[in-house]
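Everything on this sheet refers to the single structure shown next.
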Amino acid sequence: MPAELTVDLDEIPKSVAIRKVLGGREIALFRMGDEVFAIDAVCPHRRGPLDSGDLDEEGIVTCPWHGWRFDIRTGKSPTHPGQVLTYPVRREGGRVIVSIGS
Ligand code: FES
0 MPAELTVDLD
10 EIPKSVAIRK
20 VLGGREIALF
30 RMGDEVFAID
40 AVCPHRRGPL
50 DSGDLDEEGI
60 VTCPWHGWRF
70 DIRTGKSPTH
80 PGQVLTYPVR
90 REGGRVIVSI
100 GS
């Protein structure tokens with residue numbers, strides 16, 4: 000079933016992600032400049048919290064538990080076989096809208 004989540008851009012810090020629940024899924028919202036990316040917050044390795052991981056300048060987040068890395072734009076890992084889902088994000092003024100299942 001389609002679902003949407005709206006947050007103010009100002010709610011998302013530039014240095015750390017925020018975690019939200021959308022349609023029963025844990026979603027991590029990352030901000031790079033004024034762009035926002037949404038991925039699963041749960042690491043596919045052993046369910047570590049990707050929203051607590053470090054984000055580098057190239058958009059790669061490192062899971063804080065065992066170091067698997069994921070590109071927040073594609074969900075793909077440059078170093079491991081795992082992948083996380085990504086979700087469409089659109090902006091309406093200062094609001095960020097994430098949708099799933101549409
Ligand atoms: S739980 Fe994320 S790398 Fe192990």
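First residue of the sequence shown: 0, per numbering that gives the first Met the number 0; consecutive thereafter.
C-beta: ideal position from N, C-alpha, C; glycine also.
If you're wondering where the values come from, they're calculated on a predicted model, not measured in any experiment.
Does the Cβ of residue i lie closer than 8 Å to at least one heavy atom of the ligand FES?
i: Leu54; result: no
Looking only at C-alpha atoms, which of the options sits nearest to residue i?
i: Ile17; options: Ser76, Pro48, Met0 and His44; result: Pro48
i: Arg46; options: Trp64, Asp55, Phe36 and Glu57; result: Trp64
i: Gly58; options: Gly32, Val6, Gly92 and Val95; result: Gly32
i: Gly116; options: Thr78, Glu3, Ala37 and Cys62; result: Nothing in the structure corresponds to residue 116, since the chain is present only between 0 and 101.
i: Phe69; options: Lys19, Ser98 and Val41; result: Val41
i: Val88; options: Val15, Thr78 and Ala27; result: Ala27
i: Ser98; options: Ala37, Pro12 and Asp7; result: Ala37
i: Thr146; options: Arg24, Val35, Ser51 and Asp7; result: The structure shown has nothing for residue 146, since the chain only spans 0 to 101.
i: Gly100; options: Pro12, Lys75, Arg24 and Gly66; result: Arg24
i: Asp50; options: Ser76, Pro77 and Ser14; result: Ser14
If you draw a straight line from the C-alpha of residue i to the C-alpha of residue j, how long is it?
i: Thr85; j: Asp39; result: 7 Å
i: Glu10; j: Arg90; result: 14 Å
i: Phe29; j: Pro1; result: 21 Å
i: Gly81; j: Gly93; result: 33 Å
i: Val95; j: Cys62; result: 24 Å
i: Lys19; j: His79; result: 25 Å
i: Pro12; j: Val83; result: 21 Å
i: Gly66; j: Asp53; result: 10 Å
| message | Using a strict less-than 5 Å threshold between each residue's beta carbon and the heavy atoms of the ligand FES, what residues do you get? | response | Cys42, His44, Arg45, Gly47, Cys62, Trp64, His65 and Trp67
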